[in-house]
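Its first residue numbered 0, the sequence shown is counted upward by one per residue in numbering that gives the first Met the number 0. We put the CB at the ideal spot given by N, CA and C, even for glycine. Everything numeric in this text was worked out from a predicted model, so none of it was measured.
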Amino acid sequence: MITESVFRELALSFPESTESPHFEKTSFRVKNKIFATLDLKNNLACIRLSPIDQDVFIAFDKQIVCPIANKWGKQGWTLIELNKVRNDLLKDILTCGYCTVAPRKLAEQVGQSRNL
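As structure tokens, then:
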């Protein structure tokens, strides 16, 4: 199970990432673009992925990772069950989410860049 403090530590480990409120959730941003939100009430994270990354992570385990069931899900917004996900998998998903929205220069600092 991923705790709030572990999620926060992982999300804020990326260059220039920040935390701020987003409605009743906590958002994590880079250059004011949201790459993840944390819903403590439901023990869920929502992470923005590319469609390809979303498909890959969903194929891993649909009990842990699934698209949001609306138009946002088709845009890559993906739910993560924090009580089921392993730390290493969450780190990989957050890294992909960060790199999806971060400027190329920042994404390259974590070893990835978007393939647009």
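Bridge partners - C45, DSSP secondary structure assignment: Here the question's residue 45 lines up with position 46 in the sequence shown. According to DSSP, C45 bridges with T36, L78.
By a C-beta neighbour count over all protein chains shown, 10 Å radius and 16 as the cutoff for buried, is A68 buried or exposed? Looking up residue 68 in the sequence shown gives position 69. So A68 ends up on the exposed side.
Please say whether V29 and N86 have beta carbons closer to each other than 9 Å? Walking along the sequence shown from the start, residue 86 turns up at place 87. Walking along the sequence shown from the start, residue 29 turns up at place 30. Between N86 and V29, the C-beta gap is not smaller than 9 Å, which leaves the two residues out of contact.
For I1, which residues in the same chain have their Cβ closer than 7 Å to its Cβ, ignoring the five residues on either side in sequence? One-based indexing of the sequence shown puts residue 1 at position 2. Short of 7 Å from the beta carbon of I1, and not among the five residues preceding or following it, lie these beta carbons of its own chain, in chain order: L81, V84, N86, L89.
Can you look up V55 in the DSSP assignment and give me helix, strand or coil? As a working note, residue 55 is residue 56 in the sequence shown. Helix at V55.
For R85, the residue or residues it bridges with in DSSP: One-based indexing of the sequence shown puts residue 85 at position 86. Its beta-bridge partners do not exist; DSSP assigns none.
Under 9 Å, do F27 and E18 count as touching if we go by C-beta distance? Counted from its first residue, the sequence shown places residue 27 at position 28. Counted from its first residue, the sequence shown places residue 18 at position 19. Contact: yes.
Which residue comes first and which comes last in the alpha helix (DSSP H) that contains K70? Here residue 70 refers to the residue found at position 71 of the sequence shown. Where K70 is concerned, the enclosing alpha helix (DSSP H) stretches over 70-73.
Best match in L9, P66, K32, Y97 for proximity to P20 [C-alpha to C-alpha]: Walking along the sequence shown from the start, residue 20 turns up at place 21. Closest by alpha carbon: K32.
Cβ neighbours of G96 in the same chain (closer than 7 Å, five flanking residues each side left out): Looking up residue 96 in the sequence shown gives position 97. Excluding positions up to five away in sequence, the list reads F34, A35, I46, R47, L48.
Under 8 Å Cβ to Cβ from E3, same chain only, skipping five residues before and after it: list those, please. Within the sequence shown, numbered from 1, the residue matching residue 3 stands at position 4. Closer than 8 Å at Cβ, skipping near neighbours: L37, L39.
Among D54, V109, D91, nearest to K73 - alpha-carbon criterion: Position 74 of the sequence shown, counted from the start, is the residue given in the question as residue 73. Closest option to K73, Cα to Cα, is D54.
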